[in-house]
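Numbering (our numbering), first residue to last: 101 to 394.
Yeah, the Cβ is synthetic: ideal placement off N, Cα and C, and Gly gets one too.
Given the structure is predicted, the values throughout are model-derived calculations rather than measurements.
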Amino acid sequence: MSGKLFNKVALIGIGLIGSSLARAFRRESPETEIIACARRAETLAAVRRLAIADATTRDPAQAAADADLVVIATPLSAYAELGERIAPVLKNHAILTDVGSVKQAVIRDLQPHVPSGVHFVPGHPVAGTEHSGPESGFAELFRDRWCILTPPPETAPEPVAAVGRMWESFGMHVVTMSADHHDKVLAMTSHLPHLIAYTIVGTATNLEESLKSEVIEFSASGFRDFTRIAASDPVMWRDIFLNNREAVLEIVQRFTEDLTALQRAIRWGEGDKLQELFTRTREIRRSIIEAKQA
Ligand code: NAP
101 MSGKLFNKVA LIGIGLIGSS LARAFRRESP ETEIIACARR AETLAAVRRL
151 AIADATTRDP AQAAADADLV VIATPLSAYA ELGERIAPVL KNHAILTDVG
201 SVKQAVIRDL QPHVPSGVHF VPGHPVAGTE HSGPESGFAE LFRDRWCILT
251 PPPETAPEPV AAVGRMWESF GMHVVTMSAD HHDKVLAMTS HLPHLIAYTI
301 VGTATNLEES LKSEVIEFSA SGFRDFTRIA ASDPVMWRDI FLNNREAVLE
351 IVQRFTEDLT ALQRAIRWGE GDKLQELFTR TREIRRSIIE AKQA
């Protein structure tokens, strides 16, 4: 155990990421008091059954009052209202952080509410599964994954370091970058792949019945991997695309151009072009395996 990380932590949103955090705190910093917040009584009943928090509440202000660290872990569309509701109770020197998958929009929605004396450290643990809710979390989720912190320039270095130490103690590698850069990188590595998966599975569901049943039967030939990604939470992904609009549209434009070039190569029988691309892409897979991110 690495000692107590914080005295009192408020987890606002206690689904896959929030409950994984609660479990990681339980394991690495058992003396930290955890208060969990969600809208629905059944979510909080599950949290109590799982015994991953010391207290539960449906009131975000009650959760945040007196906390040393407040973590927002809800879908992005809830952030602005939550910021407004918790701002009056945040204590002096508290740290406000989050786990949202887009960072410029988080700063846009939260920063105007952050009182002076409160340290704002936006963050994104780049780790997840296609499952949601408090039952789906696990402490090992963060092991050997990256956590990206995007503090605004006015945030002091000490709270950024404190949030970084927390993620490191949960097994993550921590890096700091601008929110703008984060959003561009994630548009390519995460948002575009999800959009493609949603499109492919959507195309399959539009097929005529006879073809559709065979697609499911023979899904192991590639389709199955897309269905796993396309089973990700609809609300979370709606919010990601609406909140990272510019970066996603830019990368979709490039992707569309490359797809058209491939379409042309197939039409004109240009096998050398196809083979050259497929050889280059194989190298990317190798480097991901070498970086232990496979
Ligand atoms: P999730 O499993 O669906 O959990 C969301 C939690 O937020 C639930 O506990 C939900 O409970 C609660 N909630 C929703 N609206 C709320 C509100 N207005 N006030 C209080 N609680 C509210 O979602 P998740 O996968 O943990 O994702 C949470 C955040 O992490 C998102 O911003 C996402 O971008 C980010 N993230 C996700 C992943 C991933 O792979 N899943 C990875 C990295 C980052 P109730 O419905 O009962 O309110």
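Asked                                                                                                                                                       : Found
Of all the options Trp337, Arg243, Ser232 and Val218, which has the alpha carbon lying nearest to the alpha carbon of Glu254?                               : Val218
From Ala365 to Thr356, what does the alpha carbon distance come to, in whole angstroms?                                                                     : 14 Å
How many Å lie between Gly103 and Ser120 at the Cα?                                                                                                         : 19 Å
When the Cα atoms are used, what is the spatial distance from Glu309 to Val315?                                                                             : 10 Å
Near Ala256, which residues of its chain fall below 8 Å by C-beta distance, leaving aside the five closest residues on each side in sequence?               : His219
Could you give the distance in angstroms between the alpha-carbon of Trp246 and the alpha-carbon of Trp368?                                                 : 42 Å
What does Leu190 pair with, by DSSP beta-bridge criteria?                                                                                                   : The partner list for Leu190 (beta bridge, DSSP) is empty, contrary to what the question assumes.
How far does the beta strand (DSSP E) with Glu404 in it reach, from first residue to last?                                                                  : Coverage of the chain is limited to positions 101 through 394, which leaves residue 404 absent and any answer about it impossible.
Under 8 Å: do the segment 183-194 and the segment 203-214 share three or more Cβ pairs, one atom per stretch?                                               : yes
Considering only the alpha carbon of each residue, which of Ser387, Phe238 and Leu105 lies closest to Glu133?                                               : Leu105
Roughly how many angstroms lie between the CA atoms of Val109 and Ile135, to the nearest whole one?                                                         : 6 Å
Expressed to the nearest angstrom, what Euclidean distance is found between the alpha-carbon atoms of Glu350 and Phe125?                                    : 38 Å
DSSP on Pro234, reduced to helix/strand/coil?                                                                                                               : helix
Please confirm if the segment 262-282 is in contact with the segment 233-253, defined as three or more CB-CB distances below 8 Å between the two stretches. : yes
Are Ala164 and Ile117 closer than 8 Å when you measure CB to CB?                                                                                            : no
For Phe220, which residues does DSSP report across the bridge?                                                                                              : Leu196
Which residue comes first and which comes last in the alpha helix (DSSP H) that contains Leu342?                                                            : Pro334 to Asn343
Using a threshold of 8 Å, state whether the C-beta atoms of Asp168 and Ile207 are closer than that.                                                         : no
Should Cys137 be listed as close to the ligand NAP, given that the test is whether its C-beta is under 7 Å from any heavy atom?                             : yes
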